[in-house]
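S.K.: Mapping of the sequence shown onto UniProt numbering: position 124 corresponds to residue 124, and the numbering continues sequentially without gaps.
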Amino acid sequence: WIAVPFSMTHEAVGSLALNETDWLGHIEPSSPEWGLWIDYWLLLICGGIPWQVYFQRVLSCKTPKNAQMLSYAASFGCIISAVPACIIGAVAKATDWSQTEYGHKPEGYQVKLVLPLVMQYLTPPWVAFLGLGAVSAAVMSSADSSVLSASSMFARNIYKNVFKQQASDREVIWVMRASIIVVATIASTIGILINSIYYLFFVLPRTVRMCKSPIDVYCLDNIQEASGITHTKSEYYKIHIKINKRR
Numbered sequence: 001w002i003a004v005p006f007s008m009t010h011e012a013v014g015s016l017a018l019n020e021t022d023w024l025g026h027i028e029p030s031s032p033e034w035g036l037w038i039d040y041w042l043l044l045i046c047g048g049i050p051w052q053v054y055f056q057r058v059l060s061c062k063t064p065k066n067a068q069m070l071s072y073a074a075s076f077g078c079i080i081s082a083v084p085a086c087i088i089g090a091v092a093k094a095t096d097w098s099q100t101e102y103g104h105k106p107e108g109y110q111v112k113l114v115l116p117l118v119m120q121y122l123t124p125p126w127v128a129f130l131g132l133g134a135v136s137a138a139v140m141s142s143a144d145s146s147v148l149s150a151s152s153m154f155a156r157n158i159y160k161n162v163f164k165q166q167a168s169d170r171e172v173i174w175v176m177r178a179s180i181i182v183v184a185t186i187a188s189t190i191g192i193l194i195n196s197i198y199y200l201f202f203v204l205p206r207t208v209r210m211c212k213s214p215i216d217v218y219c220l221d222n223i224q225e226a227s228g229i230t231h232t233k234s235e236y237y238k239i240h241i242k243i244n245k246r247r
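1. Out of Val147, Ile192 and Ala167, which one is the CA nearest neighbour of Ile180?
2. Looking at the strands, I want to know which residues DSSP matches up with Thr95.
3. On a CA-only basis, which of Ala184, Lys164, Asp169 and Phe163 is nearest Ser145? Give me that one, please.
4. May I ask which residues mark the beginning and end of the alpha helix (DSSP H) holding residue 248?
5. My output table needs one value for Ile27: the three-state DSSP class, helix, strand or coil.
6. Where are the alpha helix (DSSP H) runs, 4 residues long or more, that stay fully inside the stretch 131–157, in chain order?
7. Buried or exposed: which applies to Val175, given that a residue is buried once 16 or more other Cβ atoms fall within 10 Å of its Cβ?
8. Mind reading off the beta-carbon distance from His10 to Leu122? Whole number of angstroms is fine, and I expect it under 8 Å.
9. Compute the Euclidean distance between the alpha carbons of Tyr72 and Ser142, then round it to the nearest angstrom.
10. Can you tell me the Cα-Cα spacing of Val91 and Phe76, whole angstroms?
11. Where do the ends of the alpha helix (DSSP H) carrying Ser60 lie?
12. In chain order, what residues of the same chain have a beta carbon less than 8 Å from the beta carbon of Gln110, not counting five sequence neighbours either side?
13. Just the Cα atoms here: how many angstroms apart are Leu70 and Ile80?
14. Roughly how many angstroms separate the alpha carbons of Ser7 and Cys46, rounded to a whole number?
15. Could you round the C-beta distance between Met119 and Gly103 to whole angstroms and report it? I think they count as a contact, below 8 Å.
16. So the alpha helix (DSSP H) Tyr40 belongs to, where does it begin and stop?
17. Nearest CA to the CA of Met140: which residue from Ser188, Asn161 and Arg156?
18. Let me check understanding here. Comparing Cα to Cα, which of Leu44, Ser152 and Gln165 lies closest to Val182?
19. Go ahead and pull the three-state DSSP assignment for Trp126.
20. I need the DSSP call for Gly228, collapsed to helix, strand or coil.
21. Taking just the CA atoms, how far does Cys78 sit from Arg156?
22. What do you get for Pro5, buried or exposed, if any count of 16 or more other CB atoms within 10 angstroms of its CB means buried?
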């Protein structure tokens with residue numbers, strides 16, 4: 001949000017009005033791209049529900065009510081957080097890049113760098129420093145959370161529950177530490193070899209959704225059959241974890 005007013009008021013940025021800048025784009029009614037965009041929409045709506053990082057935080061709540069309120073608040077937080085990204089994209093579309101130090105319009109692979117380019121060339125240095133630092137911190141926070149959760153699940157649900165049920169807590173911890181190194185190495189390799197962040201964003205959540213959604217639906221059906229009433233997400237995920245452990 002700090003970068004938005006500075007980028008919008010830069011002298012190289014034109015009007016953001018739709019009748020002057022087509023920053024929304026368009027799709028022809030008969031275009032086959034509609035199927036792809038519908039898939040994207042479904043991914044954004046449903047793809048994040050079965051993620052480990054989400055129900056990990058739900059289960060950390062002290063009461064089911066807190067878990068429910070956390071989910072509602074997070075939904076509004078996602079909307080608020082998405083607004084600056086949309087505005088910055090519109091600013092990049094309306095910018096005459098020849099008037100900036102960058103010198104030319106981003107094309108090809110450079111389009112993926114729109115966010116850092118806007119912060120670097122359309123905002124003061126201190127704003128760019130804070131903005132890029134915040135992005136880096138957010139990326140590292142998500143990365144270490146994902147690596148830790150994947151390693152913990154392997155050490156607990158696979159190594160201990162499947163291969164060695166008599167393993168001590170100390171042994172499980174060492175397995176988890178080794179798993180962190182392996183998972184981090186694999187993740188780093190994927191990040192280096194694959195050029196498109198958007199491709200990873202699209203493929204990985206879709207894979208998680210396809211693998212986990214059937215279990216999610218099964219859990220919900222079991223909850224309704226057992227009690228006949230609607231339960232909170234915290235109770236739902238507790239059953240989810242139990243089913244995963246049995247498998």
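We treat Cβ as the ideally placed atom computed from N, Cα and C, and that holds for glycine.
M.R.: Here's the rundown:
1. Val147
2. Val13
3. Ala184
4. Because the chain in this structure spans residues 1 to 247, residue 248 falls outside the shown range and cannot be described.
5. coil
6. none
7. buried
8. 4 Å
9. 20 Å
10. 24 Å
11. That residue, Ser60, is in no alpha helix (DSSP H); it is neither H nor E in DSSP.
12. Taking C-beta separations shorter than 8 Å and ignoring five residues to either side along the sequence, the partners of Gln110 in its chain run Leu117, following chain order.
13. 15 Å
14. 32 Å
15. Rounded, the Cβ-Cβ distance is 17 Å, inconsistent with contact.
16. Glu33 to Cys46
17. Ser188
18. When only C-alpha atoms are compared, the closest one is Ser152.
19. Of the three classes helix, strand and coil, the one that applies to Trp126 here is helix, per DSSP.
20. Low local confidence applies: a pLDDT of 42 at Gly228 is under 50, so the model's placement there is unreliable, with the coordinate-based value given in what follows. Under the three-state reduction of DSSP output, Gly228 falls in the coil class, being neither helix nor strand.
21. Rounded to the nearest angstrom, the two C-alpha atoms are 31 Å apart.
22. exposed
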